[in-house]
Each structure stands twice: as C-alpha cells, then as structure tokens.
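Novice: In the order they appear, the protein sequences are chains A and B.
So the first sequence is residues 289 to 769, counted in our numbering.
So the second sequence is residues 289 to 769, counted in our numbering.
Submitted below is the structure of interest, expressed as structure tokens.
Number of protein chains: 2
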Amino acid sequence: MNLDQIFNFAQEAFLSYKNLSGEKKADFLERIAEILEENRSAIVLLAVRESNLPEGRINGELGRTTGQIKLFANLLREGSWVEATIDPADPNRSPLPKADIRRMLTPLGPVVVFGASNFPLAFSTAGSDTISALAAGCPVIYKGHPAHPDTSKFVGNCISQAQQKSGLPSGIFTHVEGGVKMGQDLVKHPLAKAVGFTGSFRAGKSLFNIVGNRDQPIPVYAEMGSVNPIFVFPQRLENELVPLAHSFVGSLTLGAGQFCTNPGLIFVPRTLAERFGNAVSDAMQDVSAAPMLHEGITESYYKSLTELQLRSELEWVKVPDAKHLINASPALAEISAADWMADDFFQEEVFGSFALMVVYENTAELMAVAGKLQGQLTITLWGDRTEFNTHKELINLLEEKCGRILFKGVPTGVEVGYAMQHGGPFPATTDSRSTSVGANAIKRFARPIAFQDMPSDLLPDALKDGNPLAIMRQMDGNWGK
Amino acid sequence: MNLDQIFNFAQEAFLSYKNLSGEKKADFLERIAEILEENRSAIVLLAVRESNLPEGRINGELGRTTGQIKLFANLLREGSWVEATIDPADPNRSPLPKADIRRMLTPLGPVVVFGASNFPLAFSTAGSDTISALAAGCPVIYKGHPAHPDTSKFVGNCISQAQQKSGLPSGIFTHVEGGVKMGQDLVKHPLAKAVGFTGSFRAGKSLFNIVGNRDQPIPVYAEMGSVNPIFVFPQRLENELVPLAHSFVGSLTLGAGQFCTNPGLIFVPRTLAERFGNAVSDAMQDVSAAPMLHEGITESYYKSLTELQLRSELEWVKVPDAKHLINASPALAEISAADWMADDFFQEEVFGSFALMVVYENTAELMAVAGKLQGQLTITLWGDRTEFNTHKELINLLEEKCGRILFKGVPTGVEVGYAMQHGGPFPATTDSRSTSVGANAIKRFARPIAFQDMPSDLLPDALKDGNPLAIMRQMDGNWGK
Chain A
289 MNLDQIFNFA QEAFLSYKNL SGEKKADFLE RIAEILEENR SAIVLLAVRE SNLPEGRING
349 ELGRTTGQIK LFANLLREGS WVEATIDPAD PNRSPLPKAD IRRMLTPLGP VVVFGASNFP
409 LAFSTAGSDT ISALAAGCPV IYKGHPAHPD TSKFVGNCIS QAQQKSGLPS GIFTHVEGGV
469 KMGQDLVKHP LAKAVGFTGS FRAGKSLFNI VGNRDQPIPV YAEMGSVNPI FVFPQRLENE
529 LVPLAHSFVG SLTLGAGQFC TNPGLIFVPR TLAERFGNAV SDAMQDVSAA PMLHEGITES
589 YYKSLTELQL RSELEWVKVP DAKHLINASP ALAEISAADW MADDFFQEEV FGSFALMVVY
649 ENTAELMAVA GKLQGQLTIT LWGDRTEFNT HKELINLLEE KCGRILFKGV PTGVEVGYAM
709 QHGGPFPATT DSRSTSVGAN AIKRFARPIA FQDMPSDLLP DALKDGNPLA IMRQMDGNWG
769 K
Chain B
289 MNLDQIFNFA QEAFLSYKNL SGEKKADFLE RIAEILEENR SAIVLLAVRE SNLPEGRING
349 ELGRTTGQIK LFANLLREGS WVEATIDPAD PNRSPLPKAD IRRMLTPLGP VVVFGASNFP
409 LAFSTAGSDT ISALAAGCPV IYKGHPAHPD TSKFVGNCIS QAQQKSGLPS GIFTHVEGGV
469 KMGQDLVKHP LAKAVGFTGS FRAGKSLFNI VGNRDQPIPV YAEMGSVNPI FVFPQRLENE
529 LVPLAHSFVG SLTLGAGQFC TNPGLIFVPR TLAERFGNAV SDAMQDVSAA PMLHEGITES
589 YYKSLTELQL RSELEWVKVP DAKHLINASP ALAEISAADW MADDFFQEEV FGSFALMVVY
649 ENTAELMAVA GKLQGQLTIT LWGDRTEFNT HKELINLLEE KCGRILFKGV PTGVEVGYAM
709 QHGGPFPATT DSRSTSVGAN AIKRFARPIA FQDMPSDLLP DALKDGNPLA IMRQMDGNWG
769 K
C-alpha cells in the first residue's frame, strides 16, 4: 500500500472505530496485552538483541508496557475520561428558550506515532503513544524505529492479531518502515490528525517544523528529553553527602544514562562542591562501562564529551574511560554557575551518563539560574524542610520550568498512573499542555464536540439521560454520577 | 513602556498572580463585572457609536459580557476546573516504593489577546479570551481593536480599576494599541505563552504562521469563523418550508450577518429548492439593509458578492440591493452540489448576510459533500426523526467536520455555559481541542504540573490532604470530594 491508501484505510476504519464502546475498546487493548505476554520470550529475545539492554530491564519494560495498556483499558471501562457535560434545556427561559447542549471528547482521527530507540517496548510500537491514541479512538500509523526493526515488526504483528481477534477493521493499526523521508511524508499527509513522538530534540523539532508548513495545522506531541536538573541545598547535602552522591550516580547511569529523565545537571553549593564531586567520582568508579543502544549513540556520546572537553570553563571531576566498542562510561565535569549561565550550550542534553555539576554561590545566584533555565521534563530539589521553606520563591520560579517537580528521590523511574505528568515547557516538549505517560496521555488525541438538541436515541451513551455508563459528568455545572 | 517592559512587568506579576486563590481571583473578576455595569451607559454609548450596532444589541452584549465573567467567577469559586489528581504513595510497594504524586493545572504565563470587531464587548477587551486567561491565572496583554478604540480603552480602564481595587499587580492586564506590526511583535515576544484571537481567517492564519517561526512554540487559539452549513432533509422541509425559510433568514441576517456562526451555506434537496429559494427570497425582502461595523467591512461584503456574480455556476435567487453608505442587504445564490464540490472557492466565508443554497440530488451526494466540507464551528441538520435515523452515516461524518452539531434551531445565539463548544476543526480554528466560549475556555491557558513528594505545607490547597477546597478530585483513579 502507498501512503494515500494507508491513510484512506485508516480514515475509513476511524469512522467506525470511533464509535466503538469503551468496553469493547478496553477488550481490544487487553487482548494486545495478552498477546504480548504470550509472546514474552520471543519479544524479549528480539529486543535484547536489538537494543543491547539487559534481559532484566527488557523483561521489566514489557511488564511496564502491558501495565500501561491495562491502565488505559481500565480508564475506558470506567469511562469518565470523555468529560461528559450536560447543560439541560430550559424551554421557558425568557427572552429566548435555552437549547439542550451536551459536550464530550471525541477522537481526532488517524494519528502518526514515532517510537523511541531507548524504550523498544514501552515507548515504541505498543507503547504509550500508540495505546493512548487507540484508547481515544484514533487509528495509528506507526513508523518502526530503525534501531529495533524486528522487535517493532513483531510487536506490530501482535497488535494486528489482537485487532483481528477483536473483529476490528485492520486500518486501525498500520506498521510502516522507512527513514527520515518516510517520517516527513507521514506527518505531511492531509489525513494525519496528530503526531506522537519520543526522541531527540533535533528530530522532534524538525517534525514540528514540517507540520508547521502543512495547510492544516495539527498537534505535534514531541517529547524531546531534557537535562532534568537537581538543585541541592547545603544543609541536606552536608547531612547526607555520600548517600546523595550514590542516588545521583544511580539515577544518572541507569540504563547507561539513556532515559529522558536522567539528571544531566546538578546544582551544588560552593562550600560542598569538592566533597560532593569526589563522592560522585568515587561512586562512578564502581559503575562499569555499559553498552549503549547502538554504535551511533555511543559515538554521539563521546563526540559530545570531546566538544565539552574543549571548553575551558569546565573542570573534569571524572573523565570518561576511552570509548570501547559501543560501551560508554559515566563522566562528571564542574562549571561555575556564572559560566553556565553565560552560554546556552551548557544546557544542551548529552544523551548518556554524563553530568554537569554547576557550582553556585548563594540563593540569589540560584534565582538567576532558574531564570535562565530552559524547559524541563523534571526538576528535583534536595533539601531539608527548612531549606524548602526558605526557597519558596525559587520553587515558585522552577515550577514554571518543568512538568514535574520532585522533593525527594530521583527523576528516573516515571510512574504510570493518573497523576503523572511526563511533559514540560519547550524544549522538553513541543506542547506543555500534554503528557506522554499516564492516564492523561489519552487526552492528547481527542477534541470536544457539542451536540445541541440531539434526539436522545442518537446521543452517545456517555451523554444519554439517566447516565447509562454511570460515569462522572457535569450537569448544569454540578459534578455527579 | 516598550514591549519588553510590558512583558517583563506581566511576567513579574504572573509569578505572584498565579498563586492567588480561586476565591480572590473570583472577587477580582466580579469586580470587573461590577465596574462594567456601573459604567453601562457610557460603554453602550461608545460601543454603539463605534460599531454601528443597535443599542439593544449592545446592551444585550454587555449583559452577555458580565454574565460570562460571572460564569468564570463561579468556576473559580467551585474550584474543580484544576483537575486535581492524587496518586498516593505506597512505601511498601515491591520492588520499589511508590512516590506520592499530585497533579493539577497551572497557568501558562502571559497571554496575548486580540479582540473581535463584531463583538466590541463580549469578544473584546473584557471578553471571553481576556477573562478566561485571567481566570486561569495568566496576565493578559490586550491589543485594542482599531474598529472600536475608545470602547476598548474605556473597558480596559475598567479592568485596571478592578485590578487596583483588588490590590493586584498592574502587570496582570495591559491595554496596548497599534496595527498589524504591533500584533506581530506581541505574538513574537519570547515571554508570550499563548495567543487568543477572534477574527478573520486571513488575520488568524497569519498570526498562526508568525508564531510558527518563534524559537519557542506556543499555542494559538484563533477562532476564524466559518460558513456553518445547514443540511435540510426533504420531509421536514416539505412540512415546514416557510417557517424554516424564516428561521434561516433570521439567523443569516441577525446583526447584518456579522456572526461567526451565521449560516452562509444551506443544502436543500433538488425537489424543493425552487420553492425554498422563493420563500427565502420573500423573507429577505422584509429585511431592511443594515449598517455593517464599518466601511471596510461593507466594502469587503460587496466585493465578495461581485466576485461571486462573475461565476457562471451561480444562479441568483435574491440579488443584493446596491451598496448604500455602509449598509448591506441580504442575498442568496443557488449552486448545484456538483459545482459546489468542484471548487473550494465556494467554501470561503463571505462575512455578512449572504448565503449559498447548494442543491443536492440525493443522500449519496450529501455524503460526497460531507467528505469535501472543511472544518466548521457548527453544522445544523433540519430533518424529522425518521430522516435523522436514515442519515446516521452522514451525521457520523459531519461530526468530524465541526465543533457543535445542531438538530434544531439555528447556529447563531451561542450559549455561554459548561457544555458549549465554540471551536472546530481547521479552518474554523487553529486548535480544535479548544473552545473560546463557555467554561472550558479557561483550559486553553493552563498546563498540568505534577508535584512529587512535595512537603504537605508547600502543596497548593487544591492538592492538600483532606481536600480543604472541597473540589472534585481523582484519588488513585477514583472520583470524589
């Protein structure tokens, strides 16, 4: 099939799939999860081979993938996500009678999804973007990631099997392969109604710009990673220097540093910088060099480090081991807050287990740093209770720079739940109003529609009198079931 | 002040205003409504003079303006709009403890708003965009519409008075004046975080394109009007031909046809086209030519009609009276569905009381029409119950082309409520996920933020344990207060 055929097929499927009940969509999603579980050993084998990620991690990632599929299935069965809202008629209103108006979310249409190299399962073929779009009622045209083509095709087949077993039209999911040109053609297609993407800033922003030149604007949900700064306050650091250094290194080097939320930037007070740097360096010695996803990513990592090593503003606390095959080793460099603020280059993400330790003098300097800081997926604060209370103004400012703010723990390990926000101001994403993880990811692929004076038997169940789906609705402004 | 100063001022005000309680924001909004009411006679005088709209209409529009301000005040007092969501911690979860994550909506930052010429009050200075942005917690930089500069400044002063009386920073609302260049500079400013616009396709799309070239993407909510087609089925038309013709002409010519929702396109069956056309023409004879908003708009209206009169596909059922001063008279032309589909030119909005009557042969042709139809704010269906039931497939398709679908009445007269959706697929708006009328307009100016393990005393009230604001929240996926 050529792209026109694929999209026409998807559009045709959309016109029936969008009206499928939440129950039936949930059945379909659960069937995907079941088929993935049935094929666990084959999928894990392929994904380990293609990603160089350890088997334990890939097994866990498959669990995460089926777990989030079940979250969306539950969301559909519960049904309230459609934001059903009813303003009843008032035929006696003067001067004019009031119409009956009922509003709910409706799916956007065919969605183009791009997978991520660093999550061959949870953010790829049957990952959060695909599943949340299917849950919303949107067909998905998925472009397989060239870093794990066989995993992608295999998982794509699992989705197609589930679609067949569920008796749904095959146009609701299409797996395509190709390079940059194919990606561009997909997002340019007039029938594409939204784009989901997880990957690098360069690729995400490039897709965003291409979409900007379409005749018809469509939303682009590009999650492009960030450096996820940690701000460390002196009292807490003084009390827990070594454990914090270990936490930091653990988060930084998890999965060879290949997470959107790995902390590539840490702000530490001048008084403790040397001790903290040494503790981090010590902890890094215990971390073996680990294979990255593929040769190209390892090369990029070392190329970035080489560029950084040319910068006189940096002092290297832990130099990286020499590149060996596709292995990468962690590294830490130190820079003053003043120098860091002077050049946005130091805000760029180095994908991998490198971090910049920015040494600050005082809270006033942190305020300046926060003012300069670009948009992030996460910002973490390590302090004791008194320090949080004395830094309220800083916290207030940092909230403007991220989608999730942490007061404990590390930014890696993104929970899949109802309250998760995995997104953030540009350049972390192209649309800070969205999340790519958690229940609200479904909202990206829907828009509101209002039905005015629609005959009751034609109304969608979510809007019918008597609330047959027993969902949370707003009636004349009041919430209830 | 230059633009940098204005935006810095707004940004500074934002950092405190965003934390103001819903109660206090509601007080502020209500104060705006009070001051507008206190100045009703002066405002009506100015707006009538500058818009040529009748005093009764402007009086009504001021009521609508203060009415929608009160709706947002109520929404803030009720408080649930922030979508508070809590996933409680589970310290005993294995293998890893689960963090406490709490999510809510937070305002985007300074918003640029452009008013509409056709609603000098309800969609202008203190209109829906300004008020919903202020309600969300966003400062507004408002560009006065050159068609009603004195009204705009006067209302702007009313907002500033309310801001002063409420003891709020003056940066939360700034009224600026200027032309196209000023508008462009406003939306280009790095501190602008969203744009609200109501007006023509040309101006809206141009702003959208300028924003597309920013370094940082921001949402553009441009409501650019549409032709709001009415689909008429034969049985209903046969039974109510004359009353429907009168309804149609009433809606088309209301306010000299200067509404985003006026029906500029009506699809009628071949068998009844001549009779319906005559009935419409008769009804139009009773409508006097009415002054349009300003000379430029009247000129555009007649220019569009002249262009249409050159098209051989059209047959004129009611030719317009000759242009007299700034008055415009209604007009109706007939075209076959086949000819209508052959050229997208016939889908372009003529701002004013002109309509195109498209004559269709059968339901199959209507399906083709629906496939070609561009995005609309509204689509209206006139049929009897049987006809709705036999046109389910058509209705299903038309739902994809609009933000609101009506089964009775006329599209003009947009209710301000909870369930209203005033938006729609491009080219009706640049963002079909949004509404510019009704309670949900506030959501345009907010984004989610998640707080992970935040100390309880630092949490916003909306997310505190015990639900001190008594708002609807989601706790571990369950809804409740």
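Just so it is clear, CB atoms sit at the ideal spot from N, CA and C, and this is done for glycine as well.
In this text, all values refer to a predicted model and were calculated from it rather than measured experimentally.
Could you work out which residues of chain B lie near residue 490 (chain A), taking near to mean beta carbons separated by less than 7 Å?
Specialist: As a first step, residue 490 (chain A) is located in the first sequence; it is residue number 202 there, counting from the start. None at all; the shortest Cβ gap to chain B is about 15 Å.
Novice: Hey, out of A:579, A:622 and A:649, whose CA is closest to residue 612 (chain A)'s CA?
Specialist: As a first step, residue 612 (chain A) is located in the first sequence; it is residue number 324 there, counting from the start. Minimum Cα distance to residue 612 (chain A) is reached at A:579.
Novice: Using a cut-off of 9 Å between C-beta atoms, extract the partners of residue 402 (chain B) located in chain A.
Specialist: In the second sequence, counting from the first residue as 1, residue 402 (chain B) sits at position 114. What residue 402 (chain B) touches in chain A: nothing, since even the nearest Cβ is about 18 Å away.
Novice: Given a cut-off of 7 Å on the beta-carbon distance, is the pair residue 425 (chain A) and residue 412 (chain A) in contact?
Specialist: For the purposes of this step, residue 425 (chain A) is identified with residue 137 of the first sequence, where counting begins at 1. For the purposes of this step, residue 412 (chain A) is identified with residue 124 of the first sequence, where counting begins at 1. Cβ atoms of residue 425 (chain A) and residue 412 (chain A): not closer than 7 Å.
Novice: In terms of residue numbering, what span does the beta strand (DSSP E) encompassing residue 497 (chain A) cover?
Specialist: For the purposes of this step, residue 497 (chain A) is taken as the residue at position 209 of the first sequence. Looking at the DSSP string, residue 497 (chain A) is not in any beta strand (DSSP E); the run it does join, the alpha helix (DSSP H), is 489-500.
Novice: Let me know if residue 462 (chain A) comes out buried or exposed under the rule of 16 or more other beta-carbons within 10 Å of its beta-carbon.
Specialist: Position 174 of the first sequence, counted from the start, is the residue given in the question as residue 462 (chain A). Buried.
Novice: Give every residue of the same chain whose Cβ lies closer than 8 Å to the Cβ of residue 495 (chain B), excluding the five residues on either side of it in the sequence, and list them in chain order.
Specialist: Position 207 of the second sequence, counting from 1, holds the residue named residue 495 (chain B). Cβ within range, chain order: 402, 471, 472, 475, 483, 485, 508 and 510.
Novice: Taking the continuous beta strand (DSSP E) assigned at residue 536 (chain B), which residues delimit it?
Specialist: Position 248 of the second sequence, counted from the first residue, corresponds to residue 536 (chain B). Not the beta strand (DSSP E): residue 536 (chain B) falls in the alpha helix (DSSP H), residues 529-541.
Novice: Just list the alpha helix (DSSP H) runs in the segment 402-433 of chain A, keeping only unbroken ones of 4 residues or longer that don't cross its boundaries, in chain order.
Specialist: 416-424
Novice: When the Cα of residue 712 (chain B) is compared with those of B:487, B:703, B:687 and B:704, which residue comes out closest?
Specialist: Within the second sequence, the letter at position 424 stands for residue 712 (chain B). The option with the nearest alpha carbon to residue 712 (chain B) is B:687.
Novice: Check the Cβ-Cβ distances between residue 407 (chain B) and every residue of chain A, and say whether any is below 7 Å.
Specialist: On the second sequence, residue 407 (chain B) is found 119 positions in, with the first residue counted as 1. Chain A, which has no Cβ nearer than 7 Å to the Cβ of residue 407 (chain B), makes this no.
Novice: Taking 7 Å as the CB-CB cut-off, is residue 373 (chain A) touching chain B?
Specialist: Here residue 373 (chain A) refers to the residue found at position 85 of the first sequence. Yes, its Cβ sits closer than 7 Å to a Cβ of chain B.
Novice: If contact means a Cβ-Cβ distance below 7 Å, which residues of the segment 336-351 of chain B contact chain A?
Specialist: Cβ contacts with chain A: none found.
Novice: Quick check on this structure: which residue in A:734, A:724, A:714 and A:730 has the alpha carbon closest to the alpha carbon of residue 722 (chain B)?
Specialist: Taking the first residue of the second sequence as position 1, residue 722 (chain B) is located at position 434. Among A:734, A:724, A:714 and A:730, the Cα nearest to that of residue 722 (chain B) belongs to A:734.
Novice: Quick one: using the 10 Å Cβ neighbour count with 16 as the cut-off for buried, is residue 664 (chain A) buried or exposed?
Specialist: Within the first sequence, the letter at position 376 stands for residue 664 (chain A). That one is buried.
Novice: Where does the unbroken alpha helix (DSSP H) through residue 572 (chain A) begin, and where does it stop?
Specialist: On the first sequence, position 284 is the one that residue 572 (chain A) refers to. Segment 558-573, the alpha helix (DSSP H) holding residue 572 (chain A).
Novice: Taking buried to mean at least 16 other C-beta atoms within 10 Å of its own C-beta, is residue 573 (chain B) buried or exposed?
Specialist: Taking the second sequence and counting its residues from 1, the one referred to as residue 573 (chain B) is at position 285. When all chains shown are included, residue 573 (chain B) counts as exposed.
Novice: What residue from A:340, A:479 and A:308 has the CA that sits closest to residue 585 (chain A)'s CA?
Specialist: Translated into the one-based positions of the first sequence, residue 585 (chain A) becomes position 297. Looking at the Cα atoms, A:340 is the closest of the given residues.
Novice: Thinking residue 389 (chain A) and residue 740 (chain A) are a contact (beta carbons under 8 Å), I'd like their distance in whole angstroms, please.
Specialist: Residue numbering aside, residue 389 (chain A) sits at position 101 when the first sequence is read from its first letter. Residue numbering aside, residue 740 (chain A) sits at position 452 when the first sequence is read from its first letter. Indeed, because the Cβ distance is near 5 Å, the residues count as touching under 8 Å.
Novice: Based on DSSP bridge pairs, tell me the residues matched to residue 735 (chain A).
Specialist: In the first sequence, residue 735 (chain A) corresponds to position 447, counting from 1. According to DSSP, residue 735 (chain A) bridges with A:394.
Novice: Nearest by alpha-carbon distance to residue 767 (chain B): which of A:760, A:764, A:765 and A:766 is it?
Specialist: As a working mapping, residue 767 (chain B) is identified with position 479 in the second sequence. Nearest Cα to residue 767 (chain B) within the set A:760, A:764, A:765 and A:766: A:760.
Novice: Only counting runs of 3 or more residues, tell me where the beta strand (DSSP E) segments fall wholly within the segment 347-402 of chain A, in order along the chain.
Specialist: 373-375, 389-395 and 399-402
Novice: Strictly under 7 Å for the Cβ-Cβ distance: is residue 706 (chain A) near chain B by that measure?
Specialist: Here the question's residue 706 (chain A) lines up with position 418 in the first sequence. It does: the Cβ of residue 706 (chain A) has a partner Cβ on chain B nearer than 7 Å.
Novice: Just confirm the distance between the C-beta atoms of residue 439 (chain A) and residue 331 (chain A), as a whole number of angstroms; I'd bet it's less than 8 Å.
Specialist: The sequence position of residue 439 (chain A) within the first sequence is 151, counting from 1. The sequence position of residue 331 (chain A) within the first sequence is 43, counting from 1. Correct: roughly 7 Å between the Cβ atoms.
Novice: Report yes or no: do the segment 626-640 of chain A and the segment 351-367 of chain A share at least 3 C-beta pairs separated by less than 8 Å?
Specialist: no
Novice: Going by DSSP in three states, residue 320 (chain A) sits in which element: helix, strand or coil?
Specialist: In the first sequence, the residue the question calls residue 320 (chain A) occupies position 32. Helix, per DSSP.
Novice: Alpha carbon to alpha carbon, how far is residue 315 (chain B) from residue 322 (chain B)?
Specialist: Within the second sequence, the letter at position 27 stands for residue 315 (chain B). Within the second sequence, the letter at position 34 stands for residue 322 (chain B). In a straight line, the C-alpha of residue 315 (chain B) is about 10 Å away from that of residue 322 (chain B).
Novice: Using the C-alpha atoms, what's the distance from residue 709 (chain B) back to residue 357 (chain B)?
Specialist: Counting from 1 along the second sequence, the entry for residue 357 (chain B) is found at position 69. Counting from 1 along the second sequence, the entry for residue 709 (chain B) is found at position 421. Answer to the nearest angstrom: the Cα atoms are 17 Å apart.
Novice: State the beta-bridge partners of residue 763 (chain B) as determined by DSSP.
Specialist: Within the second sequence, numbered from 1, the residue matching residue 763 (chain B) stands at position 475. Looking at the DSSP assignment, residue 763 (chain B) forms a beta bridge with B:374 and B:766.
Novice: Below 9 Å between beta carbons is the criterion; list the residues of the segment 515-544 of chain A that meet it against any residue of chain B, in chain order.
Specialist: Per Cβ criterion, the list is empty.
Novice: Please identify the residue among A:748, A:701, A:725 and A:747 whose C-alpha is closest to the C-alpha of residue 535 (chain A).
Specialist: Residue 535 (chain A) sits at position 247 when you count from the first residue of the first sequence. Measuring from the Cα of residue 535 (chain A), the nearest candidate turns out to be A:701.
Novice: First and last residue of the alpha helix (DSSP H) that includes residue 665 (chain B)?
Specialist: The sequence position of residue 665 (chain B) within the second sequence is 377, counting from 1. From DSSP, residue 665 (chain B) is part of no alpha helix (DSSP H) but of the beta strand (DSSP E) over 664-670.
Novice: If I measure Cβ to Cβ from residue 338 (chain A) and keep anything under 8 Å in the same chain, skipping five residues before and after, which residues do I get?
Specialist: Start at 1 with the first residue of the first sequence, and residue 338 (chain A) comes out as number 50. Same-chain partners within the cutoff: 408, 435, 436, 437, 438 and 439.
Novice: Using a Cβ-Cβ cutoff of less than 8 Å, which residues in the same chain neighbour residue 590 (chain B) once the five nearest sequence positions on both sides are dropped?
Specialist: Sequence index remark: in the second sequence, residue 590 (chain B) carries index 302 (1-based). Within the same chain, residue 590 (chain B) has close Cβ partners 608, 611 and 616.
Novice: Is the separation between the beta-carbon of residue 481 (chain A) and that of residue 447 (chain A) shorter than 7 Å?
Specialist: Here residue 481 (chain A) refers to the residue found at position 193 of the first sequence. Here residue 447 (chain A) refers to the residue found at position 159 of the first sequence. In this structure, residue 447 (chain A) does not lie closer than 7 Å to residue 481 (chain A) by Cβ.
Novice: Which of the three DSSP states is assigned to residue 480 (chain B) in this structure?
Specialist: What you label residue 480 (chain B) is simply residue 192 of the second sequence in a count that begins at 1. Correct three-state label for residue 480 (chain B): coil.
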